[in-house]
Amino acid sequence: EGAGIVVVESLESAKARGAKIYAEIVGYGTTGDAYLITAPAPEGEGGSRAMQAALDDAGIEAKDIQYLNAHGTSTPVGDLYEVQAIKNTFGDAVNNLKVSSTKSMTGHLLGATGGIEAIFSALSIRDSKIAPTIHAETPDPECDIDYVPNEAQDLDITHAMSNSLGFGGHNAVLIFKKFED
């Protein structure tokens with residue numbers, strides 16, 4: 023179980039009330055591939071389309087993302103397909119991308135997961151720190167991306183992406199940007 027609160031409001035409203043702005047939501051993408059209730063679509067096709075839709079909505083390219091908070095449930099099929107989706111979306115830019123799964127620390131919070139991971143993504147921008155993927159002792163050779171194993175890393179982050187990729191093809195992706203007044 024878990025819960026998190028994300029206050030989303032217009033920039034004008036936040037400034038008017040003197041709010042601390044952690045990050046801006048600049049992109050959103052969603053897809054529904056309706057593949058199977060118990061598995062994502064092969065090769066991460068739905069997740070890739072959701073990531074690309076979020077990039078298009080934000081008006082940026084994959085190379086502009088420094089950090090990706092993966093859905094990362096630590097299931098053999100789910101993780102493999104998400105890595106394939108990331109590689110399909112990011113191309114060569116995946117070599118400069120930091121990816122971690124905060125579920126390694128929180129567990130799968132089901133309905134709260136997307137909100138909590140949005141918070142992790144915004145805080146990564148605020149704190150210039152990437153949460154690690156803990157307990158990453160035996161890497162899957164097919165998941166050959168930089169998944170920030172076991173220790174947090176410092177990184178100045180301008181853009182972060184947060185993936186919520188569910189079985190049955192319910193995929194939602196947010197892109198956050200560092201707020202600069």
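Everything in the sequence shown is counted per this note's numbering, starting at 23 for the first residue and increasing by one.
In this text, a Cβ means the ideal position worked out from N, Cα and C, and glycines have one as well.
This structure is a prediction, so every number in the text was calculated from the model and none was measured.
In DSSP terms, what residue i is bridged to
| i | result |
| --- | --- |
| I152 | Q175 |
| H157 | None, per the DSSP bridge assignment. |
| N193 | T53, L187 |
| Y89 | K120, A182 |
| F198 | I47, A182 |
Rounded separation between residue i and residue j - CA only
| i | j | result |
| --- | --- | --- |
| A158 | A38 | 44 Å |
| G51 | E139 | 16 Å |
| G113 | D79 | 19 Å |
| A153 | E34 | 30 Å |
| K42 | A36 | 8 Å |
| T155 | Q175 | 11 Å |
| L141 | G133 | One point to set straight first is that residue 141 is Ile, not Leu, in the sequence displayed. C-alpha separation (whole angstroms): 14 Å. |
| S150 | Y89 | 10 Å |
| P163 | N110 | 17 Å |
| S96 | G129 | 10 Å |
| Y44 | Q74 | 24 Å |
| L58 | V195 | 20 Å |
| M127 | L145 | 15 Å |
| E83 | D166 | 22 Å |
| G26 | G137 | 6 Å |
| A56 | E173 | 36 Å |
| S32 | G81 | 19 Å |
| I24 | S143 | Inspection of the sequence shows that residue 24 is occupied by Gly rather than by Ile. Approximately 17 Å between the Cα atoms of the pair. |
| P62 | P161 | 21 Å |
| K85 | G40 | 33 Å |
Supposed close pair residue i, residue j - CB separation, criterion 8 Å
| i | j | result |
| --- | --- | --- |
| N185 | G68 | Their Cβ separation, rounded to whole angstroms, is 11 Å, which puts N185 and G68 out of contact at 8 Å. |
| E104 | A92 | 6 Å |
| K120 | V170 | 5 Å |
| A182 | F201 | Their Cβ separation, rounded to whole angstroms, is 12 Å, which puts A182 and F201 out of contact at 8 Å. |
| I47 | V30 | 7 Å |
Identity of the residue in the options nearest residue i by Cα
| i | options | result |
| --- | --- | --- |
| L131 | D149, G94, D162, A75 | G94 |
| S123 | A144, A134, D101, I87 | D101 |
| I108 | G66, E173, G129, G81 | G66 |
| Q106 | L187, D86, D203, E23 | L187 |
| R71 | D168, E83, S96, T53 | T53 |
| P64 | L77, T160, E83, P98 | P98 |
| T180 | G136, G40, I87 | I87 |
| I147 | A56, L177, T160, D168 | L177 |
| G49 | N117, D55, A76, T135 | A76 |
| G190 | S32, E23, T60, G24 | T60 |
| N117 | T135, T160, D168, S32 | D168 |
Test: residue i CB closer than 8 Å to a CB of chain C
| i | result |
| --- | --- |
| I152 | No chain C is part of this structure, which consists of one protein chain only. |
Enumerated in chain order, which unbroken segments of the alpha helix (DSSP H) with a length of 4 residues or greater are wholly contained in the segment 39–84? 67–80
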